[in-house]
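Trainee: The UniProt record's numbering applies: residue 1 is where the sequence shown begins, and numbers increase by one. Note that the Cβ used here is the ideal one computed from N, Cα and C, for glycine as well.
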Amino acid sequence: MRGQYDDPPPCGNRPFHMPPVRGRGPVRHSRGRRLRMKRPLAVVLLLAGLLSTPTPVASAAAGGDLDRSFGTNGVTKDPAVGVSGRAVALQSNGRIVVVGYSGYWAWVYRYRTDGTLDTSFGGGDGRVNIDFGHPTELNDVAIQSDGRIMVVGRTHIAGLSDYYDTAVARLTSSGDLDTTFRGDGKSVLDLGFRDGADAVAIAPNGRIVIVGDGLVKLDGDFYVTRLTSSGALDSTFSSNGRTTTGFGGENDAALDVAVQSDGRIVVAGRTDADGEYDYDFAVARYTTSGGLDASFNFDGKASIGFGDSDEARAVAIQSDGKIVLAGPSDPDDGPSDFAVARLNAVGLADDDWDGDGKITTGFGGTDDWAEDVLVQPDGRIVVVGRVRTDKLGGPFDLGLLRYNQSGSLNTSFGGDGKVRTNLGTSDEIYGIARQTDGKLVVAGEVGQGADPQLFVARFHWTTDPAPTTTIDSGPSGDTADTTPTFTFHSNESGAKFECTVATPYVPCTSPKTFTLAPGSYTFKVRAIDSSAQKDATPATRSFTILTP
Numbered sequence: 001m002r003g004q005y006d007d008p009p010p011c012g013n014r015p016f017h018m019p020p021v022r023g024r025g026p027v028r029h030s031r032g033r034r035l036r037m038k039r040p041l042a043v044v045l046l047l048a049g050l051l052s053t054p055t056p057v058a059s060a061a062a063g064g065d066l067d068r069s070f071g072t073n074g075v076t077k078d079p080a081v082g083v084s085g086r087a088v089a090l091q092s093n094g095r096i097v098v099v100g101y102s103g104y105w106a107w108v109y110r111y112r113t114d115g116t117l118d119t120s121f122g123g124g125d126g127r128v129n130i131d132f133g134h135p136t137e138l139n140d141v142a143i144q145s146d147g148r149i150m151v152v153g154r155t156h157i158a159g160l161s162d163y164y165d166t167a168v169a170r171l172t173s174s175g176d177l178d179t180t181f182r183g184d185g186k187s188v189l190d191l192g193f194r195d196g197a198d199a200v201a202i203a204p205n206g207r208i209v210i211v212g213d214g215l216v217k218l219d220g221d222f223y224v225t226r227l228t229s230s231g232a233l234d235s236t237f238s239s240n241g242r243t244t245t246g247f248g249g250e251n252d253a254a255l256d257v258a259v260q261s262d263g264r265i266v267v268a269g270r271t272d273a274d275g276e277y278d279y280d281f282a283v284a285r286y287t288t289s290g291g292l293d294a295s296f297n298f299d300g301k302a303s304i305g306f307g308d309s310d311e312a313r314a315v316a317i318q319s320d321g322k323i324v325l326a327g328p329s330d331p332d333d334g335p336s337d338f339a340v341a342r343l344n345a346v347g348l349a350d351d352d353w354d355g356d357g358k359i360t361t362g363f364g365g366t367d368d369w370a371e372d373v374l375v376q377p378d379g380r381i382v383v384v385g386r387v388r389t390d391k392l393g394g395p396f397d398l399g400l401l402r403y404n405q406s407g408s409l410n411t412s413f414g415g416d417g418k419v420r421t422n423l424g425t426s427d428e429i430y431g432i433a434r435q436t437d438g439k440l441v442v443a444g445e446v447g448q449g450a451d452p453q454l455f456v457a458r459f460h461w462t463t464d465p466a467p468t469t470t471i472d473s474g475p476s477g478d479t480a481d482t483t484p485t486f487t488f489h490s491n492e493s494g495a496k497f498e499c500t501v502a503t504p505y506v507p508c509t510s511p512k513t514f515t516l517a518p519g520s521y522t523f524k525v526r527a528i529d530s531s532a533q534k535d536a537t538p539a540t541r542s543f544t545i546l547t548p
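(1) Three or more C-beta pairs under 8 Å: does that hold for the segment 94-108 against the segment 449-458?
(2) Less than 7 Å between C-beta atoms, sequence neighbours within five positions excluded: which residues of the same chain meet that for VAL375?
(3) Taking the alpha-carbon of LYS322 as reference, which of SER261, ALA80, TRP107 has the nearest alpha-carbon?
(4) By a C-beta neighbour count over all protein chains shown, 10 Å radius and 16 as the cutoff for buried, is ALA80 buried or exposed?
(5) Here's a check: name, in chain order, each residue in its chain whose Cβ is nearer than 6 Å to the Cβ of GLY85, leaving out the five neighbours to either side.
(6) Once the 5 residues before and after PHE181 are set aside, which same chain residues still bring their CB inside 6 Å of it?
(7) Using DSSP with H/G/I as helix, E/B as strand and the rest coil, what is GLU492?
(8) Among the residues of its own chain, which have a CB less than 6 Å from the CB of ALA199, if the five just before and after it don't count?
(9) Are there 16 or more other CB atoms within 10 angstroms of the CB of PRO135, so buried, or fewer, so exposed?
(10) Just how far apart, CA to CA, sit ASP320 and ILE304?
(11) Give every residue of the same chain whose Cβ lies closer than 6 Å to the Cβ of ARG342, excluding the five residues on either side of it in the sequence, and list them in chain order.
(12) Within 7 Å: the Cβ of GLY122 and any heavy atom of the ligand COA?
(13) Hey, ASP280 and ARG270 are a contact pair by Cβ (cut 8 Å); roughly how many whole angstroms apart?
(14) If we count the other Cβ atoms within 10 Å of its Cβ and call it buried at 16 or more, is GLY185 buried or exposed?
(15) Would you kindly report the start and end of the unbroken beta strand (DSSP E) that includes LYS534?
(16) Could you tell me which of ASN129, ALA314, VAL259 sits nearest to THR287, measuring between CA atoms?
(17) Let's test the definition: count the other Cβ atoms within 10 Å of the Cβ of ASN410 and tell me whether it reaches 16, buried, or not, exposed.
(18) Which same chain residues end up closer than 7 Å to PRO475 when comparing Cβ atoms and leaving out the 5 residues on each side of it in sequence?
(19) By Cβ distance, which residues of its chain are closer than 7 Å to ARG264, with the 5 residues on each side in sequence left out?
(20) Do residue 557 and THR228 have their C-beta atoms within less than 8 Å of each other?
(21) Excluding sequence positions up to five away, which residues of its chain have a Cβ less than 7 Å from the Cβ of THR470?
(22) I believe VAL168 touches GLY431 by the beta-carbon criterion, under 8 Å. Please report the beta-carbon distance rounded to the nearest angstrom.
(23) So, under 8 Å CB-CB, THR366 and ASP337 are touching, yes? Tell me the CB distance rounded to an integer number of Å.
(24) Throw me the rounded Cβ distance for the ASP310 and PRO328 pair, which I believe falls under 8 Å.
(25) Within the same chain, show all residues whose beta-carbon is closer than 6 Å to that of ALA314, passing over the 5 residues directly before and after it, in chain order.
(26) Looking at C-alpha atoms only, which residue of ARG68, VAL266, GLY63, ASP368 is the closest neighbour of SER530?
(27) Can you tell me the Cα-Cα spacing of ASP146 and THR479, whole angstroms?
(28) With burial defined as no fewer than 16 other Cβ atoms inside 10 Å of the residue's Cβ, what is the status of ILE528: buried or exposed?
(29) Are the CB atoms of ASP125 and LEU138 nearer to each other than 8 Å?
(30) Use the C-beta contact count for ASN297: other C-beta atoms within 10 angstroms, 16 or more gives buried, fewer gives exposed.
(31) Using C-beta distances below 6 Å, list every residue in its chain close to ARG22, excluding the 5 sequence neighbours before and after it, in chain order.
(32) Leaving aside the five residues before and after LEU400 along the sequence, list all residues of the same chain whose C-beta is less than 6 Å from its C-beta, in chain order.
(33) So, under 8 Å CB-CB, THR225 and GLY241 are touching, yes? Tell me the CB distance rounded to an integer number of Å.
(34) Roughly how many whole angstroms lie between the Cα atoms of ARG148 and SER174?
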């Protein structure tokens, strides 16, 4: 029976597919007089030829470029086929946590900051699978202040392939199930006849907020659940730890959640007010006790329409309290676009956002679909998802947009505010997170349908100048020293170096000593930064070792 198994199928077997609800330094010249070489002409010509051989160098990485120091040219793909990545979060030490699913199994991956799997996590391969007893999709992940990892999703009810319950689990920072959470670290919550978790957030007091769609009297509504740190339903939240909210439609669903610094809960999703699947953005704000916040759009909830079918699949809170919603807008008579709305702190349309509080942006194809949103500390807004590669259909590429605070596209990102990246046959971003250095980490899947691959990638958020190199000491001009030593440094801490005097560049460290015969030489050194960018104008120093 679909949705029920006697034994778990192997990874990659996908008997069902649930739709996702959810810069340069100067050249250093030698000083002093240059003496005639006292070496055979053939040797001189040989050295000159070696020194003049061009060596390719990397140019400065711009905002929106893949960070080539991460994974393989900016991307790490899971070698296992059949795993779909759904969300990403960062731990305080910079480790990257990605969640997803493959048919029966729920998966949690952890990567080091260089994009390699973290073998200290889980069973030694950087991956953990969680068995909830039935096919399960993990949709979101949040990191607690103590480093523990909270994941949520939905698990199918045995014998009822179209119905599901909320799946929750917590892992320790090492990847083990946390037995202080609901006894064994995982649980299936039955919150209604049909309910599934699409998002999770951690409140300032450590309480765990979970949202999704719940079927109440045959109508789909927002549901919001709050758990204590031990995983119990929080009785101080709506008396029984959960609440539902309808917008008047039959297919309302909560798709994302953010918790304000004061503890109030903002939930975003969709509403089908006319019952005809013509969705609008929907958003509600709740007090810390679980009631609708009447200071938000007068009754605690609001809807925003763009086209014929719109979904707020992501929400983020700005430092000034404004609320950013993002998702797809799909008109009946045209291509779908990224849609972004911004509300002020009391839930009304923010006129500072393109004049009326909402914007749609397309990439020129037929199906552009926003999945997640992030607000940078400087107030610029990044929206990610998938974009069609042409107007005639075909596979998807990764799509990223960045807006200025006014809603105009930020041209320092991708040249025009838009970035399209192809990783394979069909690619989609589901989640985004920001590192402390500003770089943007995204996760999702490459190749849709039966055989996707989970991927994680990293993008530069701003132009990253290549490093500069300075020679601090070493001979210049005439010298009798046949073992000259040079010291040097870069403007970037942690940079590596390559050196040469008469051969191709080779890795080196400061100080660097050479053993040379009498003759004329030029020492060259260039720095290489953590993004694999090389100084395009290496530091140089020319010198001549005199014949005794």
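Mentor: Based on what the coordinates show:
(1) Contact holds between the segment 94-108 and the segment 449-458, because three or more Cβ pairs, one in each stretch, are under 8 Å apart.
(2) ALA316, GLN318, VAL324, ILE381.
(3) Of the candidates SER261, ALA80, TRP107, the one whose C-alpha sits nearest the C-alpha of LYS322 is SER261.
(4) ALA80 is exposed by the Cβ-count criterion.
(5) Result list for GLY85: VAL98, GLY100, ALA443, GLY444, GLU445, LEU454, in chain order.
(6) Excluding sequence positions up to five before and after PHE181, its CB lies within less than 6 Å of the CB of ARG170, GLY231, all in the same chain and listed in chain order.
(7) Three-state DSSP puts GLU492 in coil, outside helix and strand.
(8) By the criterion of a C-beta distance shorter than 6 Å, ALA199 is surrounded in its chain by ASP140, VAL211, ASP256, VAL257, once the five residues flanking it on both sides are discounted.
(9) Using a 10 angstroms sphere on the CB of PRO135, the tally of other CB atoms reaches 16 or more, which defines it as buried.
(10) Whole-angstrom Cα-Cα distance: 21 Å.
(11) Closer than 6 Å at Cβ, skipping near neighbours: LYS322, VAL324, ASP350, TRP353, GLY357.
(12) With respect to small molecules bound, the structure shown includes none, and the ligand COA cannot be examined in it.
(13) The C-beta distance from ASP280 to ARG270 rounds to 7 Å, short enough to fall under 8 Å.
(14) The residue in question, GLY185, is buried, as its Cβ has 16 or more Cβ neighbours within 10 Å.
(15) That residue, LYS534, is in no beta strand (DSSP E); it is neither H nor E in DSSP.
(16) Measuring from the Cα of THR287, the nearest candidate turns out to be VAL259.
(17) By the neighbour-count rule (16 or more Cβ atoms within 10 Å), ASN410 is buried.
(18) ASP481, PRO484, PHE543.
(19) Excluding sequence neighbours, ARG264 sits near ARG285, TYR286, THR287, THR288, ASP293.
(20) The requested residue 557 does not occur in the structure, where the chain is confined to residues 1 to 548.
(21) Within its own chain, the residues whose Cβ lies closer than 7 Å to the Cβ of THR470, once the five positions on either side in sequence are excluded, are GLY25, PHE488, HIS489, ALA539, listed in chain order.
(22) Incorrect: roughly 18 Å between the Cβ atoms, too far for contact.
(23) Incorrect: roughly 10 Å between the Cβ atoms, too far for contact.
(24) Contact flag correct, Cβ pair sits at about 7 Å.
(25) These residues qualify, in order along the chain: ASP256, ALA326, ASP372, VAL373.
(26) A check of alpha carbon separations from SER530 across ARG68, VAL266, GLY63, ASP368 identifies ARG68 as the nearest.
(27) The alpha-carbon atoms of ASP146 and THR479 are separated by roughly 60 Å.
(28) Buried, since its Cβ has 16 or more Cβ neighbours within 10 Å.
(29) No, these two residues do not count as a Cβ contact at 8 Å.
(30) Label assigned to ASN297: buried.
(31) Because ARG22 carries a pLDDT of 37, less than 50, the predicted location of this residue cannot be relied on, and the following value inherits that uncertainty. Closer than 6 Å at the Cβ level, and outside the excluded window around ARG22, lie ASN139, ASP198, LEU255.
(32) VAL384, VAL419, listed in sequence order.
(33) Separation of the CB atoms of THR225 and GLY241 is rounded to 6 Å, and the pair is thereby assigned contact status at 8 Å.
(34) Computed Cα separation, rounded: 9 Å.
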